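As they're listed, the protein sequences go chains A and B. This note's numbering applies: residue 52 is where the first sequence begins, and numbers increase by one. This note's numbering applies: residue 13 is where the second sequence begins, and numbers increase by one. Below is one structure, written out as structure tokens; the observations come after it.
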Amino acid sequence: MSDEELEQRLKEYFVQTIDEYTRPAQIEKTATRCIAVMRKQADASAEPRQNFWGFLSEVFHFEGRSLLLPQLGVLLVTCHVAWTFSMSAYALPSYMPLFILAVMPVFFKGQYCRVSEVEAATRTSVAQLALARLILAGAGALVCLTFLLGLEVWLQRSFENLGRVVLYCLVPYLACMTAMLALIRRRRKDDAPLCMAIALGSVVFWRWTVRLLPWLYEASALGIWIAAVLFYSLLLAKEITYIIHANKEVNMYGVVD
Amino acid sequence: MELSIDRLTKHYGRKIAVDCVSATLTPGVYGLLGANGAGKTTLMRMLCAILEPTSGEVRLDGKEIAAMGENYRDVLGYLPQDFGFYPTYTAAEFLSYIAALKGIPRDHAGKRVKELLEMLDLAHVADKKIRTFSGGMKQRVGIAQALLNAPQILILDEPTSGLDPKERVRLRNLLSEYAGDKIVILSTHIVSDVEAIADQVLVMNAGQFIMQGTVPELAGRVRGKVWELTVPRTQARFWQEEVTVANYRHEGDNVVLRIISDGKPADQAVPCEPILDDAYLYHFGAKEA
Chain A
52 MSDEELEQRL
62 KEYFVQTIDE
72 YTRPAQIEKT
82 ATRCIAVMRK
92 QADASAEPRQ
102 NFWGFLSEVF
112 HFEGRSLLLP
122 QLGVLLVTCH
132 VAWTFSMSAY
142 ALPSYMPLFI
152 LAVMPVFFKG
162 QYCRVSEVEA
172 ATRTSVAQLA
182 LARLILAGAG
192 ALVCLTFLLG
202 LEVWLQRSFE
212 NLGRVVLYCL
222 VPYLACMTAM
232 LALIRRRRKD
242 DAPLCMAIAL
252 GSVVFWRWTV
262 RLLPWLYEAS
272 ALGIWIAAVL
282 FYSLLLAKEI
292 TYIIHANKEV
302 NMYGVVD
Chain B
13 MELSIDRLTK
23 HYGRKIAVDC
33 VSATLTPGVY
43 GLLGANGAGK
53 TTLMRMLCAI
63 LEPTSGEVRL
73 DGKEIAAMGE
83 NYRDVLGYLP
93 QDFGFYPTYT
103 AAEFLSYIAA
113 LKGIPRDHAG
123 KRVKELLEML
133 DLAHVADKKI
143 RTFSGGMKQR
153 VGIAQALLNA
163 PQILILDEPT
173 SGLDPKERVR
183 LRNLLSEYAG
193 DKIVILSTHI
203 VSDVEAIADQ
213 VLVMNAGQFI
223 MQGTVPELAG
233 RVRGKVWELT
243 VPRTQARFWQ
253 EEVTVANYRH
263 EGDNVVLRII
273 SDGKPADQAV
283 PCEPILDDAY
293 LYHFGAKEA
């Protein structure tokens, strides 16, 4: 092939190639490919995000002490009273709302310190934060309750009434926890004082039942307690479902209007 | 990236806080101007998905933000007007806490917190309780928390309030530098802040956008309506009552008034080059503004 011929062929090839790559369809195809590559690069360079368990660990790091120490304080007071005055199992329900009272400041502090708006605009949102606090508070309460039941068994030297005592403890605890979550969902300024009033009112109410409704603690009333546990468990499950839904979609949970 | 606001409305009982506003925001700095009660904060809270609109919707790249959930909040940074903090936390602890809420792993968060504390000149007080901080320092902590996740959409409600002039200039520069390919929306009463950094200005009144455009465009709308008039001191009060006076400056025994008026207020008045302040005052009047 002569030099002239080669030059001519190369020219034709370049013209053909340029023509091919400047056709609108080809340009669009190239642009789509470039966008895909850039997105892939952007994804790779994006900061990783924690999953819920990692987040739960962070909440424990920041709020673990505020959630667990006050509950431990309530446990110590209850144990002291039980030990000193040989408290009967019937008196236990009146101490259960105190465990809610102990964790209440952590649940409402965002509203009081005006941080809930900032918290609500974060990835995890107030709803997921409430869920993490709920898990930690519940775990703390479970440990305290187990300890209390152990003490009760040891004091009575019998396992006979253990099942009933568990129900006596669960009903007021679940009722107060449900009330607190329902109030947070309500998003009003008076949520915290109202929650405190409900918890303290419950303490008085359950003490009152021991004196004025003694039949409630007889073996024949067991069905009422079982029904109450089921009822409040359902309500609590409904509140938790709402929190999970609030985290996935809308994000107004817990932020005072 | 495109954030579209479509007929967004918010009612509080009978009161209409935001009244069917629509806009399309693309990367850049947007200044939201308006008097108290104009609906700026309500609008910003709806843009952050922490306040449910009565009607209308906000979409990011075509997806409704309420349905995007954490994917939207992941690209969002927000500084509320009434920014609070936990009194027991130090600046570094508070930022680490917010970083945890933003889902940033601890090793990344530590680095980011350090960077932001340095960027906002808070490194020397990183381990001090926020409750001991001045108003300006608290505001800078608020700005730092909004920037923690390097948000694509940054919404700042009155970010310059409580800042001294030096801090304001620093923040303005920081936001200009940050904006790039991101959407930055800031609300303020201070027109000069908006004038200095906003690519687009949205002026709100009674829950509606009454003006929208670039600073030169908005200022240009009052061209021929801004005048400078030199009068004896004794006449200053008369002019203040008669027309909208944007500025009042002493010059010997006289005062130089910057007047906003459709017509020439006096024979001696000379026309001047309008600024954004003049456009704002033209629409709101000196007393209302």
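Ideal Cβ positions, reconstructed from N, Cα and C, are used throughout, including at glycine. Just so it is clear, the structure is predicted and the values come from calculations on it, not from any experiment.
Three Cβ pairs or more, each shorter than 8 angstroms: is that satisfied between the region 270-284 of chain A and the region 130-143 of chain A? Touching, no, given that fewer than three Cβ pairs across the two stretches are closer than 8 angstroms.
Can you pull the chain A residues whose beta carbon is under 8 angstroms from the beta carbon of Q164/B, in chain order? Those do not exist, as Q164/B stays about 11 angstroms from chain A at its closest Cβ, beyond 8 angstroms.
Expected contact under 8 angstroms - CB spacing of A305/B and A158/B to nearest Å: No statement about residue 305/B is possible, as the shown extent of chain B runs from 13 to 301 and does not include it.
State the CB to CB distance for the pair L168/B and L128/B, rounded to an integer number of angstroms; the pair is presumed to be in contact (CB under 8 angstroms). That belief does not hold up - the Cβ atoms of L168/B and L128/B are roughly 15 angstroms apart, past 8 angstroms.
Alpha carbon to alpha carbon, how far is A111/B from K299/A? Give it in angstroms, no decimals. 20 angstroms
List the residues of chain A whose Cβ lies closer than 9 angstroms to the Cβ of I116/B, in chain order. Near I116/B (Cβ distances below 9 angstroms), the residues of chain A are E98, P99, R100, Q101 and R174.
Who are the near neighbours of C32/B in its chain, counting only those whose CB is closer than 6 angstroms to its CB and skipping five residues on each side? R19 and T21
Where the beta strand (DSSP E) containing K27/B begins and where it ends: K27 to L37
For S199/B, the first and last residue of its enclosing beta strand (DSSP E): I195 to T200
Out of K123/B, E207/B and F97/B, state which residue places its alpha-carbon closest to the alpha-carbon of K160/A. F97/B
Nearest CA to the CA of D119/B: which residue from Q101/A, H131/A, L126/A and T173/A? Minimum Cα distance to D119/B is reached at Q101/A.
Smallest Cα separation from D290/B: which of Y190/B, F145/B and R270/B? Just measuring C-alpha positions, the residue of Y190/B, F145/B and R270/B sitting nearest D290/B is R270/B.
Given a threshold of 16 other Cβ atoms within 10 Å of its Cβ, counted over all protein chains shown, does V128/A qualify as buried or as exposed? The residue is exposed, with fewer than 16 neighbouring Cβ atoms inside 10 Å.
Which of helix, strand or coil does DSSP assign to E76/B? strand
Only counting the same chain, and skipping five residues up and downstream in sequence, which positions put a Cβ closer than 7 angstroms to that of L213/A? L200 and V204
Helix, strand or coil, according to DSSP, for Y224/A in the structure here? helix
Beta-carbon contacts of V203/B that lie in its chain and below 6 angstroms, excluding the five residues immediately before and after: L288, D289 and Y292, listed in sequence order.
With H, G and I counted as helix, E and B as strand and the rest as coil, what does DSSP make of M223/B? In the structure shown, M223/B falls within a strand segment according to DSSP collapsed to helix, strand and coil.
N- and C-terminal bounds of the beta strand (DSSP E) containing T21/B: L15 to Y24
Spatial distance of M13/B from Y64/A (CA atoms): Cα-Cα distance, rounded: 40 angstroms.
Quick one, are the C-beta atoms of A192/A and F158/A less than 8 angstroms apart? No, the pair does not count as a contact, with Cβ atoms beyond the cut-off.
Does the beta-carbon of S67/B have 16 or more other beta-carbons within 10 angstroms, so that it is buried, or is it exposed? exposed
Can you give me the start and stop residues for the beta strand (DSSP E) that G89/B sits inside? L88 to L91
What is the DSSP secondary structure of A171/A, counted as helix, strand or coil? helix
Nearest by alpha-carbon distance to C220/A: which of E211/A, W257/A, I294/A and M247/A is it? W257/A
Would you report the Cα separation of I116/B and I275/A, rounded to the nearest angstrom? 47 angstroms
Which chain B residues are close to A171/A, counting only those with a beta carbon under 7 angstroms from its beta carbon? I62
Using 10 angstroms around the beta-carbon of F250/B, count the other beta-carbons present and answer buried if the total reaches 16, otherwise exposed. Per the 10 Å Cβ criterion, exposed.
Give every residue of the same chain whose Cβ lies closer than 7 angstroms to the Cβ of Q220/B, excluding the five residues on either side of it in the sequence, and list them in chain order. D31 and V33
Option in D86/B, C60/B and G147/B with minimal Cα separation from P92/B: C60/B
Provide the residue span of the beta strand (DSSP E) that contains T246/B, from first to last. The continuous stretches of beta strand (DSSP E) do not include T246/B, which lies in the alpha helix (DSSP H) extending over residues R245 to E254.
Can you tell me which of the three DSSP states T100/B falls into? coil
With DSSP as the reference, identify every bridge partner of H295/B, one or two as the case may be. H295/B is not bridged to any residue.
Below 8 angstroms, how does it come out for the region 208-218 of chain B and the region 37-44 of chain B: are there three or more Cβ pairs, yes or no? yes
Could you tell me the alpha carbon to alpha carbon distance between A80/A and D73/B, rounded to whole angstroms? Before going further, note that residue 80/A is Lys rather than Ala in the sequence given. Using only the alpha carbons, I get a separation of about 22 angstroms.
What are the start and end residues of each continuous alpha helix (DSSP H) run of 4 or more residues lying completely inside the region 118-193 of chain B, in chain order? 118-131, 147-159 and 177-191
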